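K.L.:
Before I ask anything, let me first share the structure, which is written out below as structure tokens.
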């Protein structure tokens, strides 16, 4: 092994070897275990959320592979309709062209070319974090096989009456010119105004005042609503109002939706441009009036003076004219939530447009066939409510079911060119014909098409194709092998359906609605199976202060920068590159120079992965701190140095296993602790408590293996120090060396799912010492707790021994005695067990604690002034003469006495709480009572020692 651990030198080497060896592919042996990668956008790059989520998936896949499971990590990318089209359109804009200049076919060809050149960025970055995915089966939502699945699903649902075309209200992006999903809309708080406008009652001097944040939409008002029990306006319900600036007559209606205590209690109703108003309009059978064009300009339904104006220019003119007409009652500042498109930053406009929808709400169709709720929605609800699919943490199941209980029909069409074009054609009379192609559409037509057919220009929502991910990636609906563009087989439904359902879906809570629920819907409908057995909802990664990571805040972190390190100036340049506003750019630069004055140090992939594991609790968010990541780099260094120390101090060649059981109690102790740790780790994998898993592995590796067992094994490893080896000692030394290697190799296997690179590199040096013949650590089985024999008696002996050594070391540290200085060691009190243990471990105590041979003080003899540590009733004494400042030892004792008194009061407080005693488990109450007894014993001994020093 090299002298120091250098992550960069080993990571690329091992990943290339693993992938080339086929180690990431299903073995064909054991029970199937599958994880689906939530397909990242083909436009994307690896961010902290990706790296965290993919680390979790990789740990699970590596663990289950070592357990003998037939593992598949199914990966691929999403075509990301809006994002990808926007990138290519921006490229064309630089050339002073638009997609319309190229035409649809040429534009699509241009997008495919971009995808081939730039679309693999994120998958290459996934390799950097060690993703043990089966890249030979990588899929793309626009590849031929998945496109075939999309067409079949659309056609089957359409022919079953579960997909329809209708004119309904949708989120409309006026810049991109397409409907967008809720997930693609951010609600941004902005400073705005609330305008109060007077609407006069027709033929009367009476009036109503309505408040609105969007006065331009009044041009499309069809009513004013009041609460049916609002006595202020009950006499006006049913009367007509004159809509300001238009002269159009609109009614006053009563509806329970209105909050009579908010504002004036009167609400203007604009069904064509507000989702709540649309629902009210449906209830009252009010015809909506659209007043905007698709590019958010005022249309011909408005008075002529406003036509063609941008919506915000029209707002200014409308407010000016209302003011001039003395109809603008009040203007006041108001904080409001503005829906903004993630892709274009345009303010979303609710618009009535012709779109395609999946029916998820109707109970029965007109012809008596099951509607969408019975056919699609209810089975998805039942799968979770019955426990067939479980959420972890389980509270997210409520989020899932509440959304499905209140679901709306799903808008699946997008006004784009890049994506799965809707397989529907129209004849000259507007009749719709659906099929695989035009010929299939004609062949399955129930009426004869009139004239030529024109295919729908729209494409499907990307969530439609990703909803099929659990089964389309496995080859459905093809009956045989599915090949990619290079002729390589990537799936075969007949063989690969063993991986459906997958074991667990690892995803974020923000797409429970848009992806998780829809995968359950589609998979249940088309395969009769659930898509996955469990859904682990991972936390969202925030910065060290708990703030959402944002480029404009300057608190985003690039996982590759953490792995490789980056100097300050390149970090500043990279972080401010995309910020166009000078003030924001200056603010971000200032923060970066403050937070990272020396840049970001390289911590390596393994340390980053361990950090993610240690943070992966059931919390909704996690705070990522670079300091913590640096601490886990120190852990990697500790493991490296410990392994190197062991290997440097072993004889040449293979270390033979002893004939019988491990000889020493130290060996049996470390094996017992290994057994306990492995059992805990297996349980934490099952419950997805990766934070507890990381902590268990950290404590065992750092504290018990690298610190304690290496210390206990030093006499066996030492060639020049320690007591001379007689025949019995030689057997113990040989046994200890072998056990040390066995435990180290087992720890490398247990750590491998979390930190794969360093464990593989170390294992390559350890394996020959144990005669292991596998080529890679990845081929080794998981170290099973049940294969290890526990020895509680040996554990008790070694824990006593550790406490004695810790007591001596604590005195050395607090009294500032050099670790190299050999000091006297006196023992007092204790019982017969203590005397037997001292006799057994005397040589090891002297060797490891750097003391003279332990000496017992006779109870009748005068006891010298000494510093004391307690091990049960045994007092471990270091004489003060010539070593220690008497005053300092008195201070130390007083501090320790105070600490123990606090512990006793804490225990007494619990036991004095009747509720605790009545409701806590009996063993917990017993444990608290035993703790008080132990603390009181220790406290008495320390007080006695303090009295002797003060006497």
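In the working numbering, the protein residues as written are 2 to 952.
By construction, the Cβ of each residue, glycine as well, lies at the ideal position given by its N, Cα and C atoms.
All values derive from a computational prediction rather than experimental measurement.
Taking the alpha-carbon positions, what's the residue 307 to residue 323 distance?
P.N.:
Looking up residue 307 in the chain shown gives position 306. Looking up residue 323 in the chain shown gives position 322. Their backbone Cα atoms lie some 14 Å apart in a straight line.
K.L.:
With a CB to CB cut of under 6 Å and the five nearest residues on each side skipped, what residues in its chain are close to residue 956?
P.N.:
In the structure displayed, the chain extends from 2 to 952; residue 956 sits before or after that span and is not available.
K.L.:
CB-CB under 8 Å to residue 435, same chain, minus the five flanking residues each way: which ones, in chain order?
P.N.:
In the chain shown, residue 435 corresponds to position 434, counting from 1. Within the same chain, residue 435 has close Cβ partners 155, 156, 159, 160, 424, 425, 426, 442 and 445.
K.L.:
Let me check one thing: in DSSP terms, what residues is residue 537 bridge-paired to?
P.N.:
For the purposes of this step, residue 537 is identified with residue 536 of the chain shown, where counting begins at 1. Answer is 393 and 507.
K.L.:
Round the Cβ separation of residue 196 and residue 175 to the nearest angstrom and send it over; I've been treating them as touching at under 8 Å.
P.N.:
Here residue 196 refers to the residue found at position 195 of the chain shown. Here residue 175 refers to the residue found at position 174 of the chain shown. So it is not a contact: roughly 22 Å between Cβ atoms.
K.L.:
Using CA atoms only, rank isn't needed, just tell me which of 527, 265 and 284 is closest to residue 331.
P.N.:
In the chain shown, residue 331 corresponds to position 330, counting from 1. With distances taken between Cα atoms, residue 331 lies closest to 265.
K.L.:
Quick check: the Cα distance between residue 2 and residue 765, rounded to an integer number of angstroms?
P.N.:
For the purposes of this step, residue 2 is identified with residue 1 of the chain shown, where counting begins at 1. For the purposes of this step, residue 765 is identified with residue 764 of the chain shown, where counting begins at 1. Residue 2 and residue 765: Cα-Cα distance of roughly 9 Å.
K.L.:
By the 10 Å Cβ neighbour count, where 16 or more other Cβ atoms means buried, how is residue 145 classified, buried or exposed?
P.N.:
Position 144 of the chain shown, counting from 1, holds the residue named residue 145. Exposed: under 16 other Cβ atoms inside 10 Å.
K.L.:
Can you look up residue 337 in the DSSP assignment and give me helix, strand or coil?
P.N.:
Along the chain shown, read from residue 1 onward, the residue named residue 337 stands at position 336. Strand, per DSSP.
K.L.:
Would you decide whether residue 611 is buried or exposed? Buried here means 16 or more other CB atoms lie within 10 Å of its CB.
P.N.:
The residue labelled residue 611 in the question sits at position 610 within the chain shown. Buried, since its Cβ has 16 or more Cβ neighbours within 10 Å.
K.L.:
Determine the contact status of residue 773 and residue 746, defining contact as a CB-CB distance below 9 Å.
P.N.:
Within the chain shown, residue 773 is the residue found at index 772, counting from 1. Within the chain shown, residue 746 is the residue found at index 745, counting from 1. In this structure, residue 746 lies closer than 9 Å to residue 773 by Cβ.
K.L.:
Look up residue 444 in the DSSP assignment and say whether it is helix, strand or coil.
P.N.:
Along the chain shown, read from residue 1 onward, the residue named residue 444 stands at position 443. DSSP places residue 444 in helix when its eight states are reduced to three.
K.L.:
Under a Cβ-count criterion, where at least 16 other Cβ atoms within 10 Å of its own Cβ denotes burial, should residue 934 be classed as buried or exposed?
P.N.:
Here residue 934 refers to the residue found at position 933 when the chain shown is read from its first residue. Per the 10 Å Cβ criterion, exposed.
K.L.:
Reducing DSSP to helix, strand and coil, say where residue 699 ends up.
P.N.:
Here residue 699 corresponds to residue number 698 of the chain shown, with the count starting at 1. Here residue 699 sits in helix by DSSP.
K.L.:
Suppose the cutoff is 6 Å on Cβ atoms and the five residues either side in sequence are ignored; what does the same chain contact list for residue 528 look like?
P.N.:
The residue you call residue 528 lines up with position 527 of the chain shown. So the list reads 472, once near-sequence residues are dropped.
K.L.:
Taking only the alpha-carbon atoms, compute the straight-line gap between residue 603 and residue 558 and give it to the nearest angstrom.
P.N.:
Along the chain shown, read from residue 1 onward, the residue named residue 603 stands at position 602. Along the chain shown, read from residue 1 onward, the residue named residue 558 stands at position 557. The straight-line gap from Cα to Cα measures roughly 13 Å.
K.L.:
Along the chain, where does the beta strand (DSSP E) that runs through residue 190 open and close?
P.N.:
One-based indexing of the chain shown puts residue 190 at position 189. It spans 186-202 - the beta strand (DSSP E) in which residue 190 sits, taken as one unbroken run.
K.L.:
Have a look at the DSSP bridge pairing and note the partners of residue 73.
P.N.:
Within the chain shown, residue 73 is the residue found at index 72, counting from 1. Paired residues: 35.
K.L.:
Is the beta carbon of residue 246 sitting closer than 9 Å to the one on residue 292?
P.N.:
Here residue 246 is taken as the residue at index 245 of the chain shown, counted from 1. Here residue 292 is taken as the residue at index 291 of the chain shown, counted from 1. Their beta carbons are not under 9 Å apart, which means residue 246 does not touch residue 292 by this criterion.
K.L.:
Using the Cα positions of residue 799 and residue 702, report the straight-line distance between them to the nearest angstrom.
P.N.:
Translated into positions along the chain shown, residue 799 becomes position 798. Translated into positions along the chain shown, residue 702 becomes position 701. Their Cα atoms are separated by approximately 17 Å.
K.L.:
What are the boundary residues of the beta strand (DSSP E) that residue 224 is part of?
P.N.:
Residue mapping note: residue 224 aligns to position 223 of the chain shown, counting from 1. Looking at the DSSP string, the run of the beta strand (DSSP E) that includes residue 224 is 224-227.
K.L.:
According to DSSP, residue 707 sits in a beta bridge with which residue or residues?
P.N.:
Along the chain shown, one-based indexing puts residue 707 at 706. Note: residue 707 sits in no beta bridge, so no partner.
K.L.:
Would the C-beta of residue 408 count as close to the ligand MN, meaning under 8 Å from any of its heavy atoms?
P.N.:
Within the structure as shown, the ligand MN is missing, as the structure has no ligands at all.
K.L.:
Out of 640, 16 and 794, which has the shortest C-alpha to C-alpha gap to residue 708?
P.N.:
In the chain shown, the residue the question calls residue 708 occupies position 707. Comparing Cα-Cα distances from residue 708 to each of 640, 16 and 794, the minimum goes to 640.
K.L.:
My parser needs the beta strand (DSSP E) runs of 3 or more residues fully inside the segment 364-438; what are they?
P.N.:
Segments of the beta strand (DSSP E) lying fully in the segment 364-438: 391-393, 425-427 and 433-435.
K.L.:
Please confirm whether residue 894 and residue 828 have their CB atoms less than 9 Å apart.
P.N.:
Counting from 1 along the chain shown, the entry for residue 894 is found at position 893. Counting from 1 along the chain shown, the entry for residue 828 is found at position 827. In this structure, residue 828 does not lie closer than 9 Å to residue 894 by Cβ.
K.L.:
Closest to residue 59 by C-alpha separation, out of 13, 9, 127 and 836, would be which residue?
P.N.:
One-based indexing of the chain shown puts residue 59 at position 58. When each option's Cα is compared against that of residue 59, the closest is 127.
K.L.:
Applying the criterion that 16 or more other CB atoms from any shown protein chain within 10 Å of the CB defines a buried residue, is residue 780 buried or exposed?
P.N.:
For the purposes of this step, residue 780 is identified with residue 779 of the chain shown, where counting begins at 1. Flag for residue 780 reads exposed.
K.L.:
On a CA-only basis, which of 512, 463, 786 and 532 is nearest residue 80? Give me that one, please.
P.N.:
Start at 1 with the first residue of the chain shown, and residue 80 comes out as number 79. Among 512, 463, 786 and 532, the Cα nearest to that of residue 80 is on 463.
K.L.:
Give the DSSP-derived three-state secondary structure of residue 350 in the structure shown.
P.N.:
Walking along the chain shown from the start, residue 350 turns up at place 349. The answer is strand: DSSP assigns residue 350 an E or B state.
K.L.:
What do you get for residue 191, buried or exposed, if any count of 16 or more other CB atoms within 10 angstroms of its CB means buried?
P.N.:
Locating residue 191 in the chain shown gives position 190, where the first residue counts as 1. Exposed, by the Cβ-count rule.
K.L.:
With distance defined between alpha-carbon atoms, name the residue in 749, 147, 39 and 882 nearest to residue 493.
P.N.:
As a position in the chain shown, residue 493 is number 492, starting the count at 1. Closest by alpha carbon: 147.
K.L.:
Starting from residue 833, follow the alpha helix (DSSP H) in both directions and report where the run begins and ends.
P.N.:
Within the chain shown, residue 833 is the residue found at index 832, counting from 1. Its alpha helix (DSSP H) spans residues 833-850.
K.L.:
Could you please give me the residues that DSSP links to residue 357 through a beta bridge?
P.N.:
Counted from its first residue, the chain shown places residue 357 at position 356. Bridge partners of residue 357: 166.
K.L.:
DSSP on residue 156, reduced to helix/strand/coil?
P.N.:
In the chain shown, residue 156 corresponds to position 155, counting from 1. Helix at residue 156.
K.L.:
Find the nearest neighbour of residue 840 within the set 856, 280, 518 and 925, judged by alpha-carbon distance.
P.N.:
Mapped onto the chain shown, residue 840 falls at position 839. Nearest option by C-alpha distance: 856.
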